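Protein chains in written order, with the numbering used here: chain A, 1 to 114; chain B, 1 to 111.
Given below as structure tokens:
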């Protein structure tokens, strides 16, 4: 199983809503990531979890709140988002021994904030 | 400051010919380089990587070349197939620093 599964695939939310994005992998990877990708731009790193602990927060606004309940799951809780937060949110995972290398990406959640 | 650059936003190649995608970087600390392929509405898929101790790595139809003195890498796809049409991102890292992605090149294979 070399899959990273993200749900939902599409999400439309209002600026006052609270929603969560979910990510799951069963490859035994100990590093998991959230990326944000806008149209025609490269993926931008948001958060890194290593061994279920938050190791990197790339100065992401607090309206994005990550959570790693166990080594296979990664959530991104969303609250009071802005329209400019609309983007493709990608989850990825990789082996711990070379953080970031050969990361496997999920299909992404296309988020629209209205 | 764009440390990893892909100067060609798009490239069209005839099916069966060679596709060459280029990537330049400015940070001499980068020691690991990767290529990802991305179809619309999907996440990037890892293709091939190369460590800075090598200058070439091959995997089937895909070969990555690294020229450290020029801070340049390229991805060669031979022969090109219609399924290769996608956006290709190069990425670079050093140590455990984050992957820095290039801006991507859209490759179109013409049947």
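We put the beta carbon where it would ideally sit given N, CA and C, even for glycine. Computed from a predicted model, the values in this text were never measured in an experiment.
Do you know how far the Cα of residue j is from the Cα of residue i?
i: residue 87 of chain B; j: residue 52 of chain A; result: 31 Å
i: residue 37 of chain A; j: residue 48 of chain A; result: 16 Å
i: residue 43 of chain A; j: residue 14 of chain B; result: 29 Å
i: residue 80 of chain A; j: residue 14 of chain A; result: 8 Å
i: residue 75 of chain A; j: residue 106 of chain A; result: 13 Å
i: residue 82 of chain B; j: residue 107 of chain B; result: 10 Å
i: residue 59 of chain B; j: residue 33 of chain A; result: 26 Å
i: residue 94 of chain B; j: residue 103 of chain B; result: 19 Å
i: residue 21 of chain B; j: residue 4 of chain A; result: 27 Å
i: residue 63 of chain B; j: residue 101 of chain B; result: 19 Å
i: residue 63 of chain A; j: residue 103 of chain A; result: 26 Å
i: residue 105 of chain B; j: residue 55 of chain B; result: 22 Å
i: residue 17 of chain B; j: residue 32 of chain B; result: 28 Å
i: residue 110 of chain B; j: residue 68 of chain A; result: 44 Å
When DSSP labels each residue in this structure, what does residue i get in the three-state scheme?
i: residue 24 of chain B; result: strand
i: residue 85 of chain A; result: helix
i: residue 82 of chain B; result: helix
i: residue 32 of chain A; result: strand
i: residue 61 of chain B; result: coil
i: residue 69 of chain B; result: coil
i: residue 70 of chain A; result: strand
Of the choices the options, whose alpha-carbon is the least far from that of residue i?
i: residue 56 of chain A; options: A:31, A:106, A:102; result: A:31
i: residue 16 of chain A; options: A:58, A:40, A:66, A:83; result: A:83
i: residue 29 of chain A; options: A:8, A:9, A:109, A:70; result: A:70
i: residue 89 of chain B; options: A:11, A:41, A:85; result: A:41
i: residue 6 of chain A; options: A:72, A:59, A:50; result: A:72
i: residue 19 of chain B; options: B:61, B:68, B:97; result: B:61
Could you check where the beta strand (DSSP E) with residue i kicks off and where it finishes?
i: residue 46 of chain A; result: 44-50
i: residue 92 of chain B; result: 86-93
i: residue 26 of chain A; result: Unbroken run through residue 26 of chain A: none, as it is neither H nor E.
i: residue 13 of chain A; result: 10-13
i: residue 32 of chain B; result: 32-38
i: residue 76 of chain A; result: 73-79
i: residue 107 of chain B; result: 105-110
Residues of chain D with a CB under 9 Å from the CB of residue i: which are they?
i: residue 104 of chain B; result: Within the model displayed, chain D is absent; protein chains A and B are what it includes.
(message) Does the structure place the segment 1-15 of chain B close enough to the segment 22-31 of chain A that three or more beta carbon pairs sit under 8 Å?
(response) no
(request) Evaluate the contact criterion for the segment 62-79 of chain B versus the segment 80-98 of chain A: three or more CB pairs, one atom per stretch, below 8 Å. (result) no
(message) I want to know whether the segment 39-47 of chain B touches the segment 19-30 of chain B - three or more CB-CB distances under 8 Å.
(response) no
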